[in-house]
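Right, one structure below, let's go through it.
Residue numbers (this note's numbering): 1074 to 1187.
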């Protein structure tokens, strides 16, 4: 479960399978806003944000669309749009939509550049 405390109320969320926890740390400076606790056995995949960012930047090719950058910009824009309801938890539906836009957008741009 994931616990967040707000000025006017507290919220406890049961997480969906494959939920993304603290993904914002990969794309922006982030301060965690909740507490994560496992009520059952689970698997957790952890990435070192700095190493991830270094690898992502190194994989960029000049004069080509960089879908990861498009995804990151869209992700951060979503955080900024919903800044009153910030959470360390991002639903898989939201990330799938962002990824489809980023990599789909990249394919469309790549075709236009050819």
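For glycine and all other residues, C-beta sits at the position ideal for the given N, C-alpha and C. All of these numbers come straight from a predicted model, not from anything done at the bench.
| query | result |
| --- | --- |
| Excluding five sequence neighbours on each side, which residues of the same chain lie with their C-beta closer than 8 Å to the C-beta of residue 1122? | 1098 and 1099 |
| Please report whether the beta-carbon of residue 1143 lies at a distance below 8 Å from any beta-carbon of chain B. | The structure shown has no chain B; it contains just one protein chain. |
| Could you name the residues of the same chain whose beta carbon sits closer than 6 Å to that of residue 1091, not counting the 5 residues immediately before and after it, in chain order? | 1165 |
| Could you tell me whether the Cβ atoms of residue 1139 and residue 1146 are closer together than 8 Å? | no |
| Measure from the alpha carbon of residue 1109 to the alpha carbon of each residue in 1120, 1094, 1102 and 1125, then state which is nearest. | 1094 |
| Pull up the CB-CB distance for residue 1161 and residue 1106, whole angstroms please, since I reckon it's below 8 Å. | 6 Å |
| Could you check what DSSP says for residue 1162 in three-state terms: helix, strand or coil? | strand |
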